[in-house]
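Q: So my numbering is basically just the index in the sequence shown, starting at one, shifted up by 78. For each residue, glycine too, the CB sits at the ideal point set by N, CA and C.
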Amino acid sequence: MASKKSLTPVAGTAALAYWGGELRYYREQAGLTQDQFARTIYVSSSLIAMIETGKRTPKPSFIKDSDQALRTGGALARLWKRLIESSYLEWFRPVVEIEADADSMLKYEAQAVPGLLQTEDYARALLRTGPARASEEQIERHVVARMNRQQILTRDKPPLLWAVMDENVLHRPVGGVEIMRDQLAWLVEAAKSPGIILQVLPFAAGAHAGINGSVTLYSLPDQSDVVYAAGFGGGQIIGCPEEVDECRLALDLLRACALPPEDSVRMIAGLIGET
């Protein structure tokens, strides 16, 4: 069974190591050992050591507590924000901002597990297939950024995530059998959250309203809706009310054609043993 640990970036990324080095600098400037600092913010000294060496990703609460305890004036939070933002492709940054503000998201994914529900290894395997021939360091930065996006699902008031996945997504062994098995297990685990609803659009559905590709409908606090339509090498943000209504209708039709949530999760769980 996959766990939250599988969603935490591993050692070796320069971005994590750089941020960890800054944390160590401020800790030492405050005259604190790792043990003393750990007691101050109520975490283990081993966690401090892992974060300072770039082996673990700091959670938002850790960053906030560190800034307060070390009296940095918010320097660590600002640095983390810059590091994450620099990891997103420029055209995708507005999508990340919309995603962070949304009250709910309705997604149809035609080819891959939604980014907000990907395990680290699954995300890394996908990113390695990109056409840009990115370096390992660039790939790792993108992995960290994608994992950071997932934190909106565990905040105090998380958005509702309703995702419809084409059945082929479940059968494509991205990264190999073991990575795919862990990814399927994580989907089953994630579906236990009251704020996450998963549906599978089965092969038996035949032609359907999502045949043109992946799309997401974001509902924002100001009661407006925005659509993001994914495409090769980029995507399109749609705000025109008429086009948004068309996308909403297509997504409603997809939900109607898909298996019910309980049956969908049952299908995913059944595939774990077959993978």
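1. Would you call the region 180-191 in contact with the region 130-150, where contact means no fewer than 3 C-beta pairs closer than 8 Å?
2. Please report the distance separating the alpha-carbon of Q301 from that of E177.
3. Return the residue from the list V252, W240, G309 that minimises the CA-CA distance to P278.
4. For D303, count the other beta carbons within 10 Å of its own beta carbon; 16 or more makes it buried, fewer makes it exposed. Which is it?
5. Name the two residues that bound the continuous beta strand (DSSP E) containing T294.
6. Determine which residues share a DSSP beta bridge with Y186 and list them.
7. What are the boundary residues of the alpha helix (DSSP H) that Y306 is part of?
8. Just to confirm the assignment, what range does the beta strand (DSSP E) spanning L349 have?
9. With DSSP as the reference, please indicate the residues paired to V314 in a beta bridge.
10. Go through its chain and collect everything with a Cβ distance to A95's Cβ below 6 Å, but skip five positions before and after it.
11. When we look at the beta-carbon of E352 and count the other beta-carbons within 10 Å, is it buried (16 or more) or exposed?
12. Which of the three DSSP states, helix, strand or coil, is assigned to L276?
13. Less than 8 Å between C-beta atoms, sequence neighbours within five positions excluded: which residues of the same chain meet that for R149?
14. Anyone know if the C-beta pair for V222 and R333 falls short of 7 Å?
15. May I ask you to verify whether the region 197-209 touches the region 246-264, counting CB pairs closer than 8 Å and requiring at least 3?
A: To lay it out plainly:
1. Note that the region 180-191 does not touch the region 130-150; fewer than 3 beta-carbon pairs, one per stretch, sit closer than 8 Å.
2. Using only the alpha carbons, I get a separation of about 14 Å.
3. The amino acid at residue 278 is misidentified as Pro; the sequence shows Val. The shortest Cα separation from V278 among V252, W240, G309 belongs to W240.
4. So D303 ends up on the buried side.
5. From DSSP, the beta strand (DSSP E) with T294 extends over 293-297.
6. Answer is V242, V293, bridged to Y186.
7. Element bounds for Y306: not the alpha helix (DSSP H) but the beta strand (DSSP E), 303-309.
8. Where L349 is concerned, there is no enclosing beta strand (DSSP E), although the alpha helix (DSSP H) it sits in stretches over 339-352.
9. According to the sequence shown, residue 314 is Gln rather than Val. Answer is A307.
10. Excluding sequence neighbours, A95 sits near G132.
11. A residue is called buried when at least 16 other Cβ atoms come within 10 angstroms of its Cβ; E352 does not meet this threshold and is exposed.
12. Reduced to three states, the DSSP call for L276 is strand.
13. So the qualifying residues of the chain are A108.
14. Result no, Cβ atoms of V222 and R333 do not sit closer than 7 Å.
15. Yes, they touch.
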